[in-house]
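Notes follow the structure.
Residue numbers (the working numbering): 8 to 470.
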């Protein structure tokens with residue numbers, strides 16, 4: 008292929024006709040994609056594609072409005088060109104697909120001698136494609152030595168991320184043979200930026216169902232770049248976590264009845280926390296029209312009690328009821344043992360919209376990241392870390408309960424894990440601490456980027 012402009016693109020014209028007797032909807036995919044150079048698979052951000060509507064007059068197709076466009080900057084076997092297009096019985100829809108190697112005005116040695124082929128496929132079925140904007144072929148297991156992991160046993164989660172303790176994309180060991188292995192970013196990475204729904208996001212990890220979890224990172228600049236790194240620019244607002252703190256109930260993203268005599272009544276998902284109300288309003292105002300892109304993944308507000316017997320002997324775990332001093336299990340994992348987990352064992356704490364995979368207590372598929380996800384990203388308790396992608400030089404909330412304590416206030420304080428200004432994790436009380444809010448969402452399995460390489464100046468673009 009030779010560099011050119013769109014006006015000289017290779018053109019494929021095609022028709023989709025509903026030959027049935029009922030209305031239908033369909034999807035258009037580019038499949039069997041082959042992009043090679045010197046017989047090796049390659050990528051090219053200069054190789055562009057564009058799908059437009061068309062009208063037909065005789066044998067001529069007349070180009071109309073653009074439906075979607077993109078490039079081949081990421082390796083992919085399939086690309087979704089159009090989704091859920093309604094077509095009445097007997098109707099025909101006409102399309103033009105253009106593919107061209109964009110002339111940049113500079114030497115393009117990297118594009119020399121590339122070859123490209125693909126097929127167009129129309130189907131009534133939506134496909135769960137791999138999230139191809141994450142370069143999974145670059146990921147390594149986290150329990151072995153690798154380029155940025157010096158220890159032969161892998162990442163040491165008792166230490167911050169670094170050039171010798173994790174920087175890049177990792178596979179969570181134990182999930183490598185699953186249908187959807189868990190991939191997560193760690194350390195000072197620069198290629199996990201996403202532009203979606205007119206906002207900037209950072210990729211945190213993939214989910215057990217193949218989705219891609221993102222954390223809010225502000226709005227694009229005038230050039231469409233996602234260059235926010237610090238402070239208020241990375242948050243939707245600041246707030247307390249809850250309106251009260253003098254009962255174990257208030258550690259939850261939702262909570263039950265303060266003053267109850269049982270754990271179940273205390274931690275029932277009856278009332279919204281203050282922060283949940285703010286996040287839900289943000290979703291309703293800004294993301295409601297993008298719901299079809301999002302999966303109903305699990306958001307874990309882990310209120311299970313600390314399980315370590317040595318902790319019980321030292322301080323007492325508590326029962327999670329009323330004003331009883333109580334340690335929640337994230338204290339056990341992240342402070343005493345430094346062993347984060349993505350398992351959310353208590354169904355009551357598995358916040359979801361549907362009851363198919365959780366508690367069904369959410370109105371919208373949005374919440375906050377967990378303290379464990381922050382630990383995988385590179386932070387530990389009490390020690391600062393400025394060199395990982397979740398560091399913003401500001402305080403912001405997670406949704407993970409920490410403890411309830413009467414040590415400094417006889418009425419007691421509910422505390423939740425937060426990321427501090429210096430990048431470390433620690434606890435803040437839910438009523439008097441005002442921290443940043445960085446909502447998290449999860450894109451469905453099969454979501455693809457139409458362009459970008461994940462850098463701040465060229466983020467993955469999801470449309």
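Where is the CB? At the ideal position from N, CA and C, for every residue including glycine.
Contact check, residue 387 vs residue 431, beta carbons under 8 Å: yes
Beta-carbon spacing of residue 171, residue 155 below 8 Å: yes
C-alpha distance - residue 419 paired with residue 216, whole-angstrom precision: 39 Å
Nearest candidate by alpha-carbon position, reference residue 268, set 254, 240 and 37: 254
Residue 416 to residue 185 span [Cα, whole Å]: 47 Å
Backbone CA spacing between residue 372 and residue 448 [nearest angstrom]: 7 Å
Presumed contact (8 Å Cβ cut-off) between residue 169 and residue 429, rounded CB distance: Rounded, the Cβ-Cβ distance is 16 Å, inconsistent with contact.
Start-to-end residues for the beta strand (DSSP E) that takes in residue 109: Unbroken run through residue 109: none, as it is neither H nor E.
Between the CA atoms of residue 211 and residue 384 - distance to the nearest angstrom: 7 Å
Euclidean distance between Cα positions of residue 214 and residue 302: 10 Å
Cβ-based neighbour list, residue 163, same chain, cut-off 7 Å, excluding 5 preceding and 5 following: 172
Nearest to residue 364 (by Cα), restricted to the options 246, 18 and 307: 307
Length at least 4, wholly inside the region 33-121: the alpha helix (DSSP H) runs in chain order: none
Span separating the alpha-carbon of residue 91 from that of residue 51: 28 Å
Residue 335 versus 459, 443 and 424, residue with shortest Cα-Cα distance: 424
Residue 282: first and last residue of the uninterrupted alpha helix (DSSP H) it sits in: 281-293
Any alpha helix (DSSP H) of 4 or more consecutive residues that is wholly inside the region 312-377: 316-321
Residue 252 classed as buried or exposed, judged by whether at least 16 other C-beta atoms fall within 10 angstroms: buried
Chain D contact for residue 17 (CB, 8 Å cutoff): Of the chains in the structure shown, none is chain D; there is only one protein chain.
Proximity to residue 204 [Cα-Cα], best of 183, 397, 197 and 231: 231
Three-state secondary structure (DSSP) of residue 144: helix
Residue 104 versus residue 339 - alpha carbon distance: 56 Å
Proximity of residue 201 and residue 221 at Cβ, strictly below 8 Å: yes
The region 268-281 contacting the region 338-352, beta-carbon criterion three pairs below 8 Å: no
Expected contact under 8 Å - CB spacing of residue 75 and residue 58 to nearest Å: 5 Å
Distance CB(residue 234)-CB(residue 305) smaller than 8 Å: no
Local Cβ density within 10 Å of residue 514, reported as buried at 16 or more and exposed below that: One cannot answer for residue 514 here, as it falls past the ends of the chain, which runs 8 to 470.
Burial state of residue 67, where buried means 16 or more other Cβ atoms lie within 10 Å: exposed
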